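Colleague:
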Amino acid sequence: MNVEPLSPTIGAEAGGCNLRALVHHQFAGLRRASARHQVLPLLLSLLLHGCGNGSGSAGGSSTIPVDLILHNAQVLTMAAVPEDPAPGSTDATVTAVAVTDGRIVAVGDESLPDRYQAVRSEDLQGRTLMPGFIDSHIHISGNPVHYIDLTEVESVAEIRELVARKASVVGSANWITGYGWSEDELEEQRRPERSDLDAAAPGHPVFLVRAGAHSAVSSSAALDLAGIDAGTPDPEGGTIERDPEGNLNGIIRERHEELVGHLVPPSSDEALRPSLIANLQALFASGITSIIQASDSIGHYREWQTVYAQHPGNLPRAAVQVTYEGQTAMAAFGMVSGAGDEFLRVGAIKIFADGGFTGPAAYTSKPYKGEDEYRGKLNMSESDLRALIMQAHEDGWQLGIHAIGDAAIALTVDYLIEALLTSPRADHRHYLNHFTVMPDAGTMADMARYGIAITQQPNFTYTLEGRYVANLDGERLETNNPLRTPMNHGIHTALSSDILPIGPLTGIHAAVTRKGMSGRVFGAGERLTVAEALRGYTTLGAWLTREESSKGVLAPGMLADMIVLSENPLLVDPDDILRIEVLKTYLGGRTVFEKSL
Numbered sequence: 025m026n027v028e029p030l031s032p033t034i035g036a037e038a039g040g041c042n043l044r045a046l047v048h049h050q051f052a053g054l055r056r057a058s059a060r061h062q063v064l065p066l067l068l069s070l071l072l073h074g075c076g077n078g079s080g081s082a083g084g085s086s087t088i089p090v091d092l093i094l095h096n097a098q099v100l101t102m103a104a105v106p107e108d109p110a111p112g113s114t115d116a117t118v119t120a121v122a123v124t125d126g127r128i129v130a131v132g133d134e135s136l137p138d139r140y141q142a143v144r145s146e147d148l149q150g151r152t153l154m155p156g157f158i159d160s161h162i163h164i165s166g167n168p169v170h171y172i173d174l175t176e177v178e179s180v181a182e183i184r185e186l187v188a189r190k191a192s193v194v195g196s197a198n199w200i201t202g203y204g205w206s207e208d209e210l211e212e213q214r215r216p217e218r219s220d221l222d223a224a225a226p227g228h229p230v231f232l233v234r235a236g237a238h239s240a241v242s243s244s245a246a247l248d249l250a251g252i253d254a255g256t257p258d259p260e261g262g263t264i265e266r267d268p269e270g271n272l273n274g275i276i277r278e279r280h281e282e283l284v285g286h287l288v289p290p291s292s293d294e295a296l297r298p299s300l301i302a303n304l305q306a307l308f309a310s311g312i313t314s315i316i317q318a319s320d321s322i323g324h325y326r327e328w329q330t331v332y333a334q335h336p337g338n339l340p341r342a343a344v345q346v347t348y349e350g351q352t353a354m355a356a357f358g359m360v361s362g363a364g365d366e367f368l369r370v371g372a373i374k375i376f377a378d379g380g381f382t383g384p385a386a387y388t389s390k391p392y393k394g395e396d397e398y399r400g401k402l403n404m405s406e407s408d409l410r411a412l413i414m415q416a417h418e419d420g421w422q423l424g425i426h427a428i429g430d431a432a433i434a435l436t437v438d439y440l441i442e443a444l445l446t447s448p449r450a451d452h453r454h455y456l457n458h459f460t461v462m463p464d465a466g467t468m469a470d471m472a473r474y475g476i477a478i479t480q481q482p483n484f485t486y487t488l489e490g491r492y493v494a495n496l497d498g499e500r501l502e503t504n505n506p507l508r509t510p511m512n513h514g515i516h517t518a519l520s521s522d523i524l525p526i527g528p529l530t531g532i533h534a535a536v537t538r539k540g541m542s543g544r545v546f547g548a549g550e551r552l553t554v555a556e557a558l559r560g561y562t563t564l565g566a567w568l569t570r571e572e573s574s575k576g577v578l579a580p581g582m583l584a585d586m587i588v589l590s591e592n593p594l595l596v597d598p599d600d601i602l603r604i605e606v607l608k609t610y611l612g613g614r615t616v617f618e619k620s621l
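Using our numbering, read the sequence shown as starting at 25 and increasing by one per residue.
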């Protein structure tokens, strides 16, 4: 792409500014329409500022037409956010933003509305405007008719009631599934078990996955269909739980999908599509304008293409991580990381190195609290993990690897470095999903040296507090989901939710307070400033998908993905961040969510 330097004589007309001539001259050297679209807003802004301050001239208009102006706002551009603003203060130099064709053309003060003529102008009445949140690790899917949403349940009794109600809908002996329960949030402070499901829906196969998706509870009918009884051995990388008498309690850690979940009759993409679309659009209410879908198959990526083609500009921008299915299948897929457009693209290869803490099954270097030997498990053999990483890297893919325990992290980093040394590639942007148990300083130094990044979930410290207290102790408990230490090592650390819960403000609150749900502070030294946490959910997330030049910052040329908050997170007490509301969300300058006031 070649753009000729701006000539001071081009466009001069009667002492004024011939904008059309300027733009035509600047774009004469651009060869591709897509390149024109990408840089047009930025050049427009530069040209417009070069046309004077809007005072007018004998030969031209005094204002410049744009689609939208937002003004009278506290604008957090994320280009330069003060790290530690004094109480009650903020950077008041940017209060307005102008948008055309889905991109920002100017940011400025309250003189900006006088220089631009907007089709639509909105007075934000002093509220906070910032880039939309980028959730760089999330799971979104459609909901089948037999599905129960358990994310808001408050007791085992409520779960039983919901299961019984669903049994009357799906008919005799049909499957019932659900997702989202967490014993830490249930009144009884225990997990639902096989006996609860059998009582609620006798004869029905029931399969309810815990929040975080690393364990599930099944009814007797479901276990019977799976051929699982008290004598069934634990699968590799998983655990079939038993009570003290050796009887199944219905809980399976990590391998629940392979043992039971795969038996649930699949719903067609057509049947799931309306709820998938609704679930994606619901993200706008949380201020999320971009996501990385954390795992899917190459076959199902076609459904994402169908959905996004049917709803252009009305869904959060998405990069979809896909699983590696062998060289032949990946070659037939015909795309690699980054293929796509500004709305939908292929993300990194997803590899599950180990399990999680809701089981628990994360692979740690030392035994779990109260255990003599058990320290979790890898999801595959070390040789298989190495081979998968080496092959996917050699094939040119970006890798986004699930690694939670410190032993899994160390192994994964060693294999990534081996792949990089064997097949060097500049700017690979490989990253780890999670990084819950902090590895040793040497591993983190290697990550920084070789550019291996992280997408971290600070909200885990908040919602999974009970799991960590039950299974970890000492320093590894205090530094769970570390933030400050990896950043101090120079590791690129983006922030995300992994649906525990969806809601960046929960993650930001946890990142700056390090508080669990009980109010206990874990490792205060791992705290971030609010500004750092905001960057983790904006600019640093954009980098993971190589989109830092188009989103995550409010600046000329950037996508106009923006949110309006009820309060400025830089100025409230950190404990009050959870009360901040998302009032409005814009995608490409279009309103896609507005809270009823």
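Glycine is no exception: its CB is placed at the ideal position from the N, C-alpha and C atoms.
The model shown is predicted, which means the values in this text are computed figures rather than measured ones.
For V169, which of helix, strand or coil comes out of DSSP?
Modeller: coil
Colleague: For I276, list the residues DSSP reports as bridge partners.
Modeller: A240, I264
Colleague: Could you check where the alpha helix (DSSP H) with L607 kicks off and where it finishes?
Modeller: That residue, L607, is in no alpha helix (DSSP H); its beta strand (DSSP E) goes 606-611.
Colleague: What does the alpha-carbon distance come out to for the pair N167 and S299?
Modeller: Looking at the backbone, the Cα of N167 and that of S299 are separated by about 6 Å.
Colleague: Kindly give me the distance between the Cβ atoms of H228 and I200, rounded to whole angstroms, as I take these residues to be in contact under 8 Å.
Modeller: 6 Å
Colleague: Could you give the distance in angstroms between the alpha-carbon of R500 and the alpha-carbon of P391?
Modeller: So the alpha carbons of these two residues sit roughly 12 Å apart.
Colleague: Would Y561 and D585 qualify as a contact pair, given that the criterion is a beta-carbon distance under 8 Å?
Modeller: No, the Cβ-Cβ distance between Y561 and D585 is not below 8 Å.
Colleague: DSSP three-state call for S520: helix, strand or coil?
Modeller: coil
Colleague: Is it right to say S542 is buried, meaning 16 or more other beta carbons lie within 10 angstroms of its own, or is it exposed?
Modeller: exposed
Colleague: Would you decide whether G512 is buried or exposed? Buried here means 16 or more other CB atoms lie within 10 Å of its CB.
Modeller: Sequence check: residue 512 is Asn here, not Gly. Answer is exposed; the Cβ neighbour count stays below 16.
Colleague: Would you list the one or two residues that DSSP bridges to F617?
Modeller: Beta-bridge pairing links F617 to T609.
Colleague: Assign A240 to buried or exposed, taking buried as 16 or more other Cβ atoms, counted over all protein chains shown, within 10 Å of its Cβ.
Modeller: buried
Colleague: Can you tell me the Cα-Cα spacing of G394 and P384, whole angstroms?
Modeller: Going from the Cα of G394 to the Cα of P384 covers about 13 Å.
Colleague: For the candidate residues L94, Q98, D91, whose alpha-carbon lies nearest to that of N592?
Modeller: Minimum Cα distance to N592 is reached at Q98.
Colleague: Hey, A518 and S160: beta-carbon distance below 8 Å or not?
Modeller: yes
Colleague: In this structure, what does DSSP give as the bridge partners for S145?
Modeller: In DSSP, S145 forms a bridge with I93.
Colleague: Can you tell me whether M586 is helix, strand or coil according to DSSP?
Modeller: strand
Colleague: Could you tell me which uninterrupted alpha helix (DSSP H) segments, each at least 4 residues in length, are contained entirely in the region 360-430, listed from first to last along the chain?
Modeller: 406-418
Colleague: Please classify G323 as buried or exposed, where buried requires at least 16 neighbouring CB atoms within 10 angstroms.
Modeller: Under this definition G323 is an exposed residue.
Colleague: Is there a C-beta anywhere in chain D that falls below 8 Å from the one on R570?
Modeller: Note that chain D does not occur in the displayed structure, where there is just one protein chain.
Colleague: Compute the distance between the beta-carbons of G380 and G261, then report whether it is under 8 Å.
Modeller: no
Colleague: Compare the beta carbon distance of H458 and I413 with 8 Å and say whether it is the shorter of the two.
Modeller: no
Colleague: DSSP on M154, reduced to helix/strand/coil?
Modeller: strand
Colleague: Can you grab the Cα-Cα spacing for the pair S361 / A333, in whole Å?
Modeller: Looking at the two C-alpha atoms, the distance is approximately 19 Å.
Colleague: What are the complete beta strand (DSSP E) segments, minimum 3 residues, inside the region 471-526?
Modeller: Fully enclosed beta strand (DSSP E) runs of 3 or longer: 477-480, 517-519.
Colleague: If you measure between the beta carbons of F622 and I312, is that distance less than 8 Å?
Modeller: With the chain covering 25 to 621 only, the question about residue 622 has no answer from this structure.
Colleague: Go through its chain and collect everything with a Cβ distance to I604's Cβ below 8 Å, but skip five positions before and after it.
Modeller: L529, L589, S590, E591, P593, V596
Colleague: Between the alpha carbons of S314 and I526, how many angstroms are there, rounded?
Modeller: 13 Å
Colleague: Can you give me the Cβ contacts of G400 inside the same chain, cut-off strictly under 7 Å, excluding the 5 residues immediately before and after it?
Modeller: D378, G379, P384, A385, A386, Y387, T388, G429
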